[in-house]
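**Q** Input: one structure, supplied below.
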Amino acid sequence: MEPLITGIHHVTAVVSDAQKNIDFYAGILGLRLVKRTVNFDAPEVYHFYYGDESGNPGSILTFFPYPGLAGGRHGKGMLNTTAFSVAVDSMGYWMERFRRWGIATKPPKERFDGELVIYFEDEDGVGLELVFNDKDNRMGFTHGHIPGDHAIKGFFNVEIWEEGYERTAGLLTEQLDHRLIAEKGNRFRFAATDSPGNYVDIICSPDSLKGLPGNGTVHHLAFSTPNAATQQDMRLKIVKRMLNPTPVLDRNYFTSIYFREPGGVLFEVATAGPGFAVDETKEQLGEALKLPAAYEDDRAELEKKLPTVTFDYEKYK
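For the sequence shown, the numbering used here assigns the number 22 to the initial residue and increments by one for each residue that follows.
Listed below in structure tokens is the structure:
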């Protein structure tokens, strides 16, 4: 039987400045900007997609940059940290790179066996980690300004804080094809596919303040499903759980359904395809502003409203 959920598809966060976002994620972290488009619900706002060379599920971090948006707050009921996977011997390189660019980090700590982790934040306060490990066989993507041996390979895990983990764990294991694969203290790790890029860590944190949406917070977590048929099957399972999923929505590069899990985090189930090469060649991904068909007639007006952004990777060598 074909699995309905294979792992993480993408994470989407909200930030305040489009140019700073590109500078940080494409420049300092070295991710590939695989798509520059607009928010379907607010076309005067960019939607940036970053990932590996092709923007494969398990590597895609996306952003809505809203100029002047008030800051949110990390806390329970929210995905607070997105962790990237890098080679086990890359810590010296990344610590020096962060020092060079003035990025503060927390001291390294060991999480599970063989995982050494450092926490940092982008300029808007989005919580990030690098996980130094030898479990990940994926190739890292680089524009050439970061050595291939040290390049980010994609996600390692995401971290969700909850009042209690049981209800969310029930949804993950009973509806979303995940299983509990590790636990340590108040951290419970789930995965549909037991490999880096697909780990969902639930932190039981009842004493934390409730998270508040805004600048520097994650908007939603998307899980990957193989195709439209498995997405419909998944939607029926969510309906039976009485979590009120949306209809299937066409996002050009995948189709999506959305619903809130019991702890309050917005979840999405997105199809693995058709992918980001439907309107650009693989070599040209992210170079031009791509608009949904409904907004193409408004291109000239939207291009006036959207801030000008540039892509100077040479600056970040």
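The beta carbon of each residue, even a glycine, is placed where N, CA and C say it ideally should be.
Does His340 come out as helix, strand or coil in the three-state DSSP assignment?
**A** Because the chain spans 22 through 338 in this model, residue 340 falls outside it and cannot be assessed.
**Q** Roughly how many angstroms lie between the CA atoms of Tyr316 and Pro64, to the nearest whole one?
**A** 8 Å
**Q** Measure the CB-CB distance between Glu289 and Ala250 and report whether it falls below 8 Å.
**A** no
**Q** Smallest Cα separation from Lys174: which of Gly191, Lys156 and Val330?
**A** For the set Gly191, Lys156 and Val330, the Cα lying nearest the Cα of Lys174 is the one of Lys156.
**Q** What's the C-alpha gap between Gly161 and Asn77?
**A** C-alpha separation (whole angstroms): 12 Å.
**Q** Candidates Phe45, His68 and Leu50: which alpha carbon is nearest Lys56's?
**A** His68
**Q** Specify, as a first and last residue, the run of the beta strand (DSSP E) that Ile223 falls within.
**A** Where Ile223 is concerned, the enclosing beta strand (DSSP E) stretches over Tyr220 to Cys225.
**Q** Opposite Glu131 in the DSSP bridges: which residues?
**A** Leu137
**Q** How about Gly92 and Gly235: are their beta carbons less than 8 Å apart?
**A** Against a cut-off of 8 Å, the Cβ pair of Gly235 and Gly92 comes out as a contact.
**Q** Is the Cβ-Cβ distance between Ala213 and Phe133 less than 8 Å?
**A** No; because the gap between Cβ atoms is not below 8 Å, this pair is not in contact.
**Q** Taking just the CA atoms, how far does His166 sit from His241?
**A** 30 Å
**Q** Which residues mark the beginning and the end of the beta strand (DSSP E) in which Val55 is found?
**A** The continuous beta strand (DSSP E) containing Val55 extends over residues Arg53 to Asn60.
**Q** Alpha carbons only, please: which of Asp145, Gly296, Thr126 and Thr292 is nearest the one belonging to Val152?
**A** Thr126
**Q** Since Arg94 sits in a beta bridge, which residues does DSSP pair it with?
**A** Leu233
**Q** For Phe177, tell me which candidate among Lys303, Val299, Lys41 and Gly28 has the shortest Cα-Cα distance.
**A** Gly28
**Q** Could you give the DSSP three-state label for Asn375: helix, strand or coil?
**A** For the chain, the structure presents residues 22 to 338; residue 375 sits outside this window and is missing.
**Q** Count the other C-beta atoms from every protein chain shown that fall within 10 angstroms of the C-beta of Ala314, then say buried if there are 16 or more, exposed otherwise.
**A** Ala314 is exposed by the Cβ-count criterion.
**Q** Beta-carbon within less than 7 Å of Leu136's beta-carbon, same chain only, minus the 5 sequence neighbours each way: which residues are those?
**A** According to the sequence displayed, residue 136 carries Glu and not Leu. Closer than 7 Å at the Cβ level, and outside the excluded window around Glu136, lie Val152 and Asn154.
**Q** What residue range is occupied by the uninterrupted beta strand (DSSP E) comprising Glu289?
**A** Annotation: the continuous beta strand (DSSP E) that includes Glu289 extends over Leu287 to Thr292.
**Q** Please tell me whether Ile232 and Gly148 are closer than 8 Å, where the distance is taken between their beta carbons.
**A** Residue 232 is actually Gly in this sequence, not Ile. Their beta carbons are not under 8 Å apart, which means Gly232 does not touch Gly148 by this criterion.
**Q** Are the beta-carbon atoms of His31 and Leu82 separated by less than 8 Å?
**A** yes
**Q** So for Val330, helix, strand or coil by DSSP?
**A** coil
**Q** Is it buried or exposed for Leu230, if we count other Cβ within 10 angstroms and need 16 for buried?
**A** exposed
**Q** Runs of 4 residues minimum, wholly inside the stretch 244 to 270: which ones carry the alpha helix (DSSP H) assignment?
**A** 249 to 261
**Q** Measuring only the C-alpha atoms, how far is Lys311 from Ala108?
**A** Lys311 and Ala108 have their alpha carbons spaced roughly 33 Å apart.
**Q** What are the start and end residues of the beta strand (DSSP E) that includes Gly148?
**A** Element bounds for Gly148: Gly148 to Asn154.
**Q** Considering only C-alpha positions, which residue in the set Ile224, Ile49, Leu197 and Lys303 is nearest to Arg120?
**A** Ile49
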